[in-house]
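One structure below.
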Amino acid sequence: MKASLLAIGDITVDAFVQLSDAWVETDNPESAPELCMRFGDKIPYQSLHEVAGVGNAPNASVCATRLGLHSHLIANLGNDDNGKKCLAALAAEGVDTENIAVHEHERTNYHFVLSFGAERTILVKHEIYRYTFPSPPHTDWVYLSSLGGKTLHYHEAIAAWLAKHPDIKLAFQPGSFQIAASGEGVMKKLYARAEVVVCNKEEAAHIMQNLSRGAPSGNLRARRREHEEFFSKKISVSREARPEEEFCTPLSSLHSLGPKIVCITDGPRGAYMNAPEGTFFMPPYPDPAPPKNRTGAGDAFAATFVSYLALGKTPQEALRRAPINSAFVVQHIGAQKGLLTKAQLEQYLTTAPEDFSPQKL
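Encoded structure:
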């Protein structure tokens, strides 16, 4: 029997708009870089590519299927042309779409990805569906990720179903709404129930900040201050110059919420993991060529890590493989085209640099 993974989350069509007549503003050291264009003008763009059937959970489903798992997807979409494109794209990948709800007279999510160089800014709009949790098939793993707003009742249904199936392992890659609602009781249940939580460093800070708002625990407030101090520091892009050991603070903070394993990604600078075996840094896999677009790199890392755990690998073995898929996803436009099969990924692992291994901190 194949290992199985059930992904839960929203689905969308991504429209990639490649920009050239723009610039990035980085003069303000107190804020994130800003993508800038001339206001009120006609701005030319280089190209437009539509990619159907994507989103955190759909991307995880496709990744798991290519790595040899049987994957199901629970999602919602509209009964429109874009919805049909999404279903067709997922079916072509071998993802089980039986539990995708198609809503009459509703539109499918459609996002605009403004690409400038290899980076991107995404304009998102989550349609409001009548979310109803189905009776899903039994699975080895649940992979829960981004859902639209006003879905706390849906998360309650997921948590209740998981409580009835303690043998099912939960991987949680929280999206924007879930991060913003981290202080809600049901989100705390999901963090505590999770086998694995994966996020990037900015998301880790937001999770702890949202958890600490109004919290009576002085310890939790102290952790928030630690996060704010850590993530406000100017950290060099150079790995040699960055204080890697300081990632232990956000890792331990998220670990204290209950998950057994926490991974925090740091983009092209690597990733960090807190697991029962200890805390580890994982360097990035060398880019085979300059990246085309970084959309989906985080999803590829998280889904590969979880898929290899489902395939029976140890956390360190899974951590060593996750960056490889990220490196090849960014070679293409779209979050799924570059995802590797298990045979391909294992082959690239054999040619990895000698120091491409988890480093214990």
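Position one of the sequence shown corresponds to residue 661 (my numbering), numbered consecutively onward. Virtual Cβ for every residue (Gly too), placed ideally from N, Cα, C.
Inter-residue Cα distance where the pair is Tyr-851 and Gly-918: Distance from the CA atom of Tyr-851 to the CA atom of Gly-918, rounded to whole angstroms, is 6 Å.
Runs of alpha helix (DSSP H) wholly within the segment 942–1013 (minimum 4 residues, chain order): Listed in chain order, they are 957–970, 975–989, 1002–1010.
Cβ-Cβ distance between Asn-716 and Gln-833 below 8 Å: Note that the C-beta distance between Asn-716 and Gln-833 is below 8 Å.
First through last residue of the beta strand (DSSP E) which encompasses Ser-707: Secondary structure note for Ser-707: its beta strand (DSSP E) is the uninterrupted segment 705–714.
Beta-carbon gap between Leu-914 and Thr-781 smaller than 8 Å: No, they are not a contact pair.
Buried or exposed (CB count within 10 angstroms, at least 16 for buried), Asp-687: So Asp-687 counts as exposed.
Length of the line joining the Cα atoms of His-786 and Val-858: Distance between the alpha carbons of His-786 and Val-858: 22 Å.
Cβ neighbour criterion (16 or more within 10 Å) applied to Met-847: Buried is the call here.
8 Å CB neighbourhood of His-771 in its chain, flanking five on each side removed: The answer, listed in chain order, is Thr-672, Val-673, Asp-674, Ala-675, Ile-782, Leu-783, Val-784, Lys-785.
Secondary structure of Met-847, DSSP reduced to three states: If DSSP states are grouped into helix, strand and coil, Met-847 belongs with the helices.
Gln-996 classed as buried or exposed, judged by whether at least 16 other C-beta atoms fall within 10 angstroms: With at least 16 other beta carbons inside 10 angstroms of its own, Gln-996 counts as buried.
Buried or exposed by the 16-neighbour rule on C-beta atoms within 10 Å, applied to Gly-845: So Gly-845 ends up on the exposed side.
Given Leu-1042 as reference, the closest of Leu-1021, Ala-982, Ile-993 once Cα atoms are compared: For residue 1042 there is no data in the structure shown, the boundaries of the chain being 661 and 1021.
Secondary structure, alpha helix (DSSP H): runs of 4+ residues fully inside the segment 805–860: Along the length of the segment 805–860, whole alpha helix (DSSP H) runs at least 4 residues long occupy 812–824, 836–840, 845–853, reported in chain order.
For Ile-921 and Leu-911, the rounded distance between their alpha carbons: If you draw a straight line from the Cα of Leu-911 to the Cα of Ile-921, it is about 9 Å long.
For Asp-674, the first and last residue of its enclosing alpha helix (DSSP H): Run containing Asp-674: none in the alpha helix (DSSP H); it sits in the beta strand (DSSP E), 672–679.
Tyr-945 vs Ile-984 beta-carbon contact at 8 Å: Contact flag set, yes.
Leu-695 - partner residues in DSSP beta bridges: Its beta-bridge partners are Val-684.
Distance CB(Leu-737)-CB(Tyr-705) smaller than 8 Å: No. Outside cutoff.
Neighbourhood of Ala-841 by C-beta, 6 Å cutoff - its chain only, sequence neighbours within 5 removed: Excluding residues within five positions, the ones whose Cβ falls inside 6 Å are Met-847.
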